[in-house]
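This report concerns only the one structure given below.
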Amino acid sequence: MKHREYKRINPDATAAILFVHGIVGTPNHFADFLSLVPDDVSVYNVLLDGHGGTVQDFSHTSMQKWENQVRDTVDELTLSHTAVYIVAHSMGTLFAIDRAIENEKVKGLFLLAVPLKIAPKPRMVGNLCKVYFDKIKPDDEVALAAKRCYGIAQDKNPFHYFGWLPRYLELFAKAKRTRKRLVELHTPAMAYQSARDELVSTASAKILKQNEAISVIELENSGHYYYAPSDFEYLLSEFQKFVNQIG
Numbered sequence: 052m053k054h055r056e057y058k059r060i061n062p063d064a065t066a067a068i069l070f071v072h073g074i075v076g077t078p079n080h081f082a083d084f085l086s087l088v089p090d091d092v093s094v095y096n097v098l099l100d101g102h103g104g105t106v107q108d109f110s111h112t113s114m115q116k117w118e119n120q121v122r123d124t125v126d127e128l129t130l131s132h133t134a135v136y137i138v139a140h141s142m143g144t145l146f147a148i149d150r151a152i153e154n155e156k157v158k159g160l161f162l163l164a165v166p167l168k169i170a171p172k173p174r175m176v177g178n179l180c181k182v183y184f185d186k187i188k189p190d191d192e193v194a195l196a197a198k199r200c201y202g203i204a205q206d207k208n209p210f211h212y213f214g215w216l217p218r219y220l221e222l223f224a225k226a227k228r229t230r231k232r233l234v235e236l237h238t239p240a241m242a243y244q245s246a247r248d249e250l251v252s253t254a255s256a257k258i259l260k261q262n263e264a265i266s267v268i269e270l271e272n273s274g275h276y277y278y279a280p281s282d283f284e285y286l287l288s289e290f291q292k293f294v295n296q297i298g
């Protein structure tokens, strides 16, 4: 599967939507959302540095590079648009919150699986092993969803993954910093948290609810990557409403 960023800038558009994927993720995560964005709204579905390539590529990137990349992309979009909206998943939501706090042209957030508190579950390890060894049964929807959202080329050498530890330590540190500054967020935000998330703690939803600018919706039958059909249908309908408000 190819992992490429997608950019569609309408020179007459006043608004733009930036999509930001999560750690070891891919812009493909938002494939079903892109078709719902009308042509009169610009789109930038970014590929974060170190993603879309090899395990070593990911080892050699950093949280700082990702933060700078998202900041520069938002700044680029605000030069030609009066409003920017951010749709993000997992780690990408942390960058989205930063941008909304620091850039007044960010007018709205659509957030999926905000990892303010990270608590990996045993089933997450199981899914990672299935993806790593490419041993996924055709009816294992949860593992298949994780594979579709995985943006790094497969590498069967376990020693190559040692360089990933700093990236995940950076993620934990970033989550802690975001928790502390969440009170600074005044931009309207929708946060969709999964009740069966194998990575994000349910405590994240409780923290988000403390901010009146954030509407928190819990998806009862979904995980970090997998969305039950009814939940996903609801999520797309909510995104359609979000897009309609932009116009």
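Residue numbering for the sequence shown follows my numbering, beginning at 52 and increasing consecutively.
Glycine included, C-beta positions come from ideal geometry on N, C-alpha and C.
Q | Exposed unless 16 or more other CB atoms sit within 10 angstroms - verdict on V182 | A | If you number the sequence shown from 1, residue 182 lands on position 131. That one is buried.
Q | Helix, strand or coil at Q299 [DSSP, three-state] | A | This structure cannot settle anything about residue 299, because the visible part of the chain is limited to 52 through 298.
Q.
Looking at the secondary structure, which residues open and close the beta strand (DSSP E) in which F70 lies?
A. As a position in the sequence shown, residue 70 is number 19, starting the count at 1. DSSP places F70 in the uninterrupted beta strand (DSSP E) bounded by A66 to V71.
(Q) Classify I265: buried if its beta carbon has 16 or more other beta carbons within 10 angstroms, exposed otherwise. (A) On the sequence shown, position 214 is the one that residue 265 refers to. With 16 or more other Cβ atoms within 10 Å, it is buried.
Q: List in chain order: all unbroken beta strand (DSSP E) runs of 3+ residues lying wholly within the region 134-217.
A: The qualifying runs are 134-140 and 157-163.
Q) Hey, quick one: how far does the beta strand (DSSP E) through N96 stretch, first residue to last? A) Residue mapping note: residue 96 aligns to position 45 of the sequence shown, counting from 1. In this chain, the beta strand (DSSP E) harbouring N96 covers S93 to N96.
Q | Distance between L236 and A226 (C-alpha atoms, nearest Å) | A | In the sequence shown, residue 226 corresponds to position 175, counting from 1. In the sequence shown, residue 236 corresponds to position 185, counting from 1. Computed Cα separation, rounded: 15 Å.
Q. Just reading off the alpha helix (DSSP H) that S255 is part of, what are its end residues?
A. In the sequence shown, the residue the question calls residue 255 occupies position 204. The continuous alpha helix (DSSP H) containing S255 extends over residues A254 to L259.
Q. Would you call A196 buried or exposed, if buried means 16 or more other Cβ atoms sit within 10 Å of its Cβ?
A. The sequence position of residue 196 within the sequence shown is 145, counting from 1. Here A196 is buried: its Cβ has 16 or more other Cβ atoms, across all protein chains shown, within 10 Å.
Q: Note down, in chain order, each residue of its chain lying with its Cβ closer than 7 Å to the Cβ of Y276, except the 5 sequence neighbours on either side.
A: In the sequence shown, the residue the question calls residue 276 occupies position 225. Counting only residues of its own chain and dropping the five nearest sequence neighbours on each side, Y276 has a CB closer than 7 Å to the CB of A196, A197 and C200.
Q.
Given this structure, state the Cα-to-Cα distance separating N119 from E127, to the nearest angstrom.
A. The count along the sequence shown starts at 1 and reaches residue 119 at position 68. The count along the sequence shown starts at 1 and reaches residue 127 at position 76. Taking the straight line joining both Cα atoms gives about 12 Å.
Q) Which residue from N61, A66, A82 and P239 puts its Cα closest to that of R55? A) Position 4 of the sequence shown, counted from the first residue, corresponds to residue 55. That would be A82, whose Cα lies nearest to the Cα of R55.
Q: Evaluate V97 with the Cβ neighbour count: other Cβ atoms within 10 Å of its Cβ, from every protein chain shown; 16 or more gives buried, anything less gives exposed.
A: Within the sequence shown, the letter at position 46 stands for residue 97. Counting Cβ neighbours within 10 Å, V97 comes out buried, since at least 16 surround it.
Q) So, do the region 238-251 and the region 168-183 have three or more beta carbon pairs nearer to each other than 8 Å? A) Cβ pair count under 8 Å is three or more, so yes.
Q. Roughly how many angstroms separate the alpha carbons of S131 and A64, rounded to a whole number?
A. Counted from its first residue, the sequence shown places residue 131 at position 80. Counted from its first residue, the sequence shown places residue 64 at position 13. Going by the C-alpha atoms only, they are around 8 Å apart.
Q.
According to DSSP, S288 sits in a beta bridge with which residue or residues?
A. Residue mapping note: residue 288 aligns to position 237 of the sequence shown, counting from 1. According to DSSP, which records beta bridges pairwise, S288 is partnered with nothing at all.
Q: Please determine, among A66, G104 and K58, the residue with the shortest C-alpha to C-alpha distance to G202.
A: Position 151 of the sequence shown, counting from 1, holds the residue named residue 202. Among A66, G104 and K58, the Cα nearest to that of G202 belongs to G104.
**Q.** Top-ranked residue by Cα proximity to T124, from L286, H140, Y219 and I60
**A.** Numbered from its first residue, the sequence shown carries residue 124 at position 73. Distances from the CA of T124 to each of L286, H140, Y219 and I60 were compared; the closest alpha carbon is that of I60.
Q: Check the C-beta distance from F109 over to R218 and give it rounded, since I have them as a contact under 8 Å.
A: The sequence position of residue 109 within the sequence shown is 58, counting from 1. The sequence position of residue 218 within the sequence shown is 167, counting from 1. Rounded, the Cβ-Cβ distance is 7 Å, consistent with contact.
Q: Tell me where the alpha helix (DSSP H) around S266 begins and ends.
A: Taking the sequence shown and counting its residues from 1, the one referred to as residue 266 is at position 215. In this chain, S266 is not harboured by any alpha helix (DSSP H); it is covered by the beta strand (DSSP E) spanning I265 to L270.
(Q) Using only the alpha-carbon positions, how far apart do A134 and L216 sit? (A) Mapped onto the sequence shown, residue 134 falls at position 83. Mapped onto the sequence shown, residue 216 falls at position 165. Using only the alpha carbons, I get a separation of about 36 Å.
Q) Can you tell which of L222, K188 and S255 has its C-alpha closest to the C-alpha of L233? A) For the purposes of this step, residue 233 is identified with residue 182 of the sequence shown, where counting begins at 1. The residue with the shortest Cα to Cα distance from L233 is S255.
**Q.** Top-ranked residue by Cα proximity to Q296, from I68, D282, S252 and F223
**A.** For the purposes of this step, residue 296 is identified with residue 245 of the sequence shown, where counting begins at 1. Q296 has its Cα closest to that of I68, out of I68, D282, S252 and F223.
(Q) Comparing C-alpha positions only, which one of Y57, S113 and A147 sits nearest to G101? (A) Residue numbering aside, residue 101 sits at position 50 when the sequence shown is read from its first letter. Ranked by how close their Cα comes to the Cα of G101, the residues Y57, S113 and A147 have S113 in first place.
Q: Could you have a look at S245 and say whether DSSP puts it in helix, strand or coil?
A: Translated into positions along the sequence shown, residue 245 becomes position 194. Strand, per DSSP.
Q) Bridge partners of K225, per DSSP? A) For the purposes of this step, residue 225 is identified with residue 174 of the sequence shown, where counting begins at 1. Per DSSP, K225 has no beta-bridge partner at all.
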